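Right, one structure below, let's go through it.
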Amino acid sequence: MKYKLAILLVLTVGLGLSFGIHSFENGISAQLPSQSEIVSRNIDDSDGELPWRPVPTSQPIRLAQALVSDAEVIDSPTPTPLPPKTFTIEKFEPFPEEKTVLLTFSEEVDMEELRNRGEVQPYAYLDWWSSSVQGKVFRLKGGFEYGNEYEITFPEKVTSRNGKTYRPSLVKFHMPDRPQALEFTEKKTLIERNSRQMIHLDVVNIDEIQFEGIQVPPMALPLARSMVKDSTPQSLESLTKDLEEEYTQFAEALSGSEEFKPFLRDPVADKNLFFSPTEKNIKKPFSVPLSFRKNPEKGTLELLRFKNNISDGSGMTEARVYRITDLGLTYKLSDDQLLVWATSLEKGQPAAGVSLLAFDKEMKAYLLGKTSEDGILIAEGADQKFKSIARKADGIVQEEEVLPYQELTTLVAATEEDVNFIDFEVKEGVKVAGIDQAASRTAIIDTDRGHLFTDRGVYRPGETMNWKGTVRRYVEGSITPPEAATYEVEIKDSKQKVAYKQDLRLSEFGTFSDHLDLESFAPLGTYTMSLRPGSGEEEIAQRTFQVQEYRPPRHYVEIQFKRETKVSEDYINREHIDHILVATISGRYFAGGPLKNAKVRWRVFSTPSEFPQEDYPNFHFGYPTNEEGEFIETSESMLDDSGQAEIRIPLGKSLLTSKHGLSFTATVVDFDGRTATKSADYSVKPDCLVGLSNPPEKIEFGDPQVLRAIVLDSSREMVQSGELKVRVLERSYLYTRKRNREGNSYLSWDSVWRDQYRTTIPIEEGEGVFDFVFNQSGDYLVECTYKDTEGNEYTSGARYDVQGPWYWGDQEKAVDFQPVQILPDKTEYGVGENIRLLVKSANQPSQCLLAIERDRVLEHRLVTLENGEIVIPVADTFRPNVYISILGIVPRGDFPTYEEEYDS
């Protein structure tokens, strides 16, 4: 704290103290008496009172100058020492951008000592859970207003880690104005040429914004991007000069080349000034149209930045290369192949005659040629050579070289009216979630697959266990037995001790066999067999079997079902038919004769209904229930003299319509306590079956889904026409009222299926198709119901586990494209068959690039999705597997009209 000299002199005289002047040369030095203790007084601006605090004596006070004016100040004495066993705040350090202030204490304090115990005036919300302590520094986050001064208070009962109590001294801090800032709103760097060419900024406390830009020649793109990576700001004139020098060298060397002409453009500097009236300390969006630039009707690569036009002001965006273009670029790159597809963003159609240039990491350019009528160019193989051009120490060098596919970094596309570029970020084939893929066919030549099997599953100690094994290897598209190979087989007992270990040689058919003689004292439990290519290598097959002591059962249990119907007399003025399932439980000895008067325990659960059809392996017939069957009933009974007991279970509507079945388990106990158990399932077999295509294993919210449905009549032939009622239900939870065995009602927290959507779809040529999208994550059930001519209904259902973001922030990670749903009619095909793909998209693409690929693109073609179906003949090159990718382009729609609308 600083005081004017005149005030200090008055205070000193008023205290009746004397001091001597030692020197006037560099200032005045006053020495206070050494035997006494004086009191200093600090002015507290908050309440106007003058608190007295002791200071040590014999402290020199340096005065600024012998000749003192009003403007001259002096340093205050050294900080006042605290009373013993106290601590205080020594420093404030505000960070206005984060609305955070750092408080440095004189002692280390725990966060729990400070949490919810401090206050600021004027009031500001303090976010204690986002605040933290590290050593002596307390990071306090709150709703501080910019430009305000705050006073912070803590109760004196706050203690440090050393047990000292808090004593206030420094209590005020100032939250400065928000720093001037200028930044891009989005990370995207592509602007549609046929638009208003807007670029969006976020502005804080800046009223005048200067635009600086250079239209970059395509041949000089690598140099321009290297300038962007340089963090040192350069002037527009300096950037333009460097680009002109680069461009001039290439232009002189390629002056007579028509092929390189689209990539040779003079660098053009653009400048403009924009006024953005802003509110103080408020971040405001500000959009700038780039239509003022020279030749705005043409596409360009613009190296640009925005900065504060006030010379002493701060705030400047990073430098970026923006692509103002109507060209869309897609590529597929492998070790020896490059496929490029050029399209028009506005029309959604292929762009023919587009010149393509590729750069490698050394900035060498390779002229690839022009796209075909389909907008496609393919470069492949080690025999094809391309013109290359590079700037070296002795000038521009032109050669013909093989394309270094994996060394390529950037692809540039250009016409006389347009230009665009894309980075080669993905240098491998299509990736499918949940599938392990080899880099190439040669990479999996030595990848073997084996299989082990035993003659039985359970053995007694002392018996002989016989087993066999097979091994197959993938070689050049064929699966064959390895030739003259030896493999290690190891068997471990239930105690993980090795019971067998041998190296066995394969036969010419890729098989081997052996046996294991179990000792009479062999440990009981589970034994594990392992097959490995060699000792210590990863196993390629595994099998388990049991070694157990067991006694043959003395009796067995049977469960038989029959249905009964009767008219119920329990209902008044209403005819009601009860459907009853009679389960007959029988206990009999293997030697003959029933178990008379034996005790039987039985349980009944609900179970999913399943009616698999071998002729339709890609469809599911039945209705799913919860993961665990719902408990229905349990009890004990006694078998009668004939060894039987009847259990009568009423059948509800959901069971009569085959939405679920019943699972019975009965255990019969003999007179000496030995048991025998039997389980049996019952479900009503419907006359007609509704089959639904199997849903994908992984579903993200927003992905378009396609559900195919078929109906089989009583003779299991496909119904060719009709309609299906579709209902979508979502799983949720609520309290439902139930009744216990004593007859009392209670509330139970259970899952329920809530109706979300209903519709009707037609059956055409034996199949119905339902297109839908899940807009949020959750557990869903889609059911389809068919009603025959007699009014009977038949239902099947499919479960969908839809994944979604756990936090709102996760939605920012969404991809920039809309996924397309591809549904094949089968999962396995033979050579000569046709793959029938049903393709659905939320937006109808005008053109699609279909690629059949593995380690490279095997086939490609342009297709349209007029009927949503694509037929692909299976070639021999597809073996053993292929991946099919579809990329669609959609024409540009309408531009948004209002400020709150988002242009997708």
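In the working numbering, the protein residues as written are 602 to 1505. Note that CB positions come from ideal geometry on N, CA and C, so glycine has one too. Computed from a predicted structure; not experimentally measured.
- The Cβ-Cβ distance between Gly-719 and Phe-755 falls below 8 Å.
- The Cβ-Cβ distance between Arg-794 and Val-922 does not fall below 8 Å.
- Taking all protein chains shown into account, Gly-1193 has fewer than 16 neighbouring C-beta atoms within 10 Å of its C-beta and is therefore exposed.
- Considering only Tyr-1151, Asn-1067 and Asn-909, the residue with the shortest C-alpha distance to Phe-1113 is Asn-1067.
- 8 Å or more divides the Cβ of Glu-1008 from the Cβ of Phe-987.
- Counting other Cβ atoms within 10 Å of its Cβ, Ser-1294 reaches 16 or more and is therefore classed as buried.
- In the structure shown, the three-state DSSP call for Tyr-1347 is strand.
- For Asn-896, the number of other beta carbons within 10 angstroms of its own is below 16, and it is reported as exposed.
- Assignment of beta-bridge partners to Asn-896 by DSSP yields no partner.
- Counting other Cβ atoms within 10 Å of its Cβ, Pro-1446 reaches 16 or more and is therefore classed as buried.
- Boundaries of the alpha helix (DSSP H) around Glu-845: 837-854.
- If you check the CB distance, Arg-1073 and Arg-1050 come in under 8 Å.
- Between Glu-1091 and the set Pro-1062, Pro-886, Pro-1297 and Glu-1140, the nearest pair of CA atoms involves Glu-1140.
- For Leu-1308, the uninterrupted beta strand (DSSP E) segment begins and ends at 1305-1313.
- Between the alpha carbons of Gln-811 and Lys-872 lies a gap of roughly 7 Å.
- A Cβ-Cβ distance of about 12 Å is found for the pair Ile-807 and Asn-882, leaving them out of contact under the 8 Å criterion.
- Scanning Phe-1206, Pro-1296 and Glu-1298 for the CA closest to the CA of Leu-1256 turns up Phe-1206.
- In the three-state DSSP reduction, Arg-826 falls in the helix class (H, G or I).
- Proximity to Pro-1297 across Ser-1169, Phe-1110, Leu-957 and Ala-1399 peaks at Ala-1399, based on C-alpha coordinates.
- Assignment of Pro-886 by DSSP, reduced to helix, strand and coil, places it in the strand class.
- DSSP lists Val-1158 as the beta-bridge partner residues of Gly-1188.
- Here the C-alpha atom of Thr-1361 lies approximately 13 Å from the C-alpha atom of Val-1383.
- Burial of Trp-942 is indicated by the presence of at least 16 other C-beta atoms within 10 angstroms of its C-beta.
- Taking 8 Å as the upper bound for CB-CB distance, Arg-740 and Leu-771 are not in contact here, some 17 Å apart.
- The secondary-structure analysis by DSSP pairs Leu-1463 across a beta bridge with Leu-1450.
- Inclusion of Val-1269 and Val-1201 in the CB contact set at 8 Å is warranted, their separation being smaller than that value.
- Relative to the Cα of Ser-836, the nearest Cα in the group Leu-904, Gly-764, Tyr-1075 and Arg-1144 belongs to Leu-904.
- In this structure Ala-952 is in contact with Thr-972, their Cβ atoms being roughly 6 Å apart against a cut-off of 8 Å.
- Following the DSSP letters along the chain, one finds Lys-1286 in no alpha helix (DSSP H), marked with neither H nor E.
- Membership of Ser-1207 in the beta strand (DSSP E) is indicated by the continuous run 1200-1211.
- For Leu-1240, the closest alpha carbon among the candidates Ser-1210, Arg-1249 and Thr-1185 is that of Thr-1185.
- Ranked by Cα distance from Asn-1444, the first of Tyr-1075, Leu-1466, Leu-1450 and Thr-1129 is Leu-1466.
- In the displayed model, Met-776 falls within coil according to three-state DSSP, outside both helix and strand.
- Here Pro-1305 is near Val-1374, since their CB atoms are less than 8 Å apart.
- It is roughly 16 Å from the alpha-carbon of Arg-1189 to the alpha-carbon of Ser-1280.
- The beta-bridge partner set that DSSP reports for Ser-1486 consists of Ala-1452.
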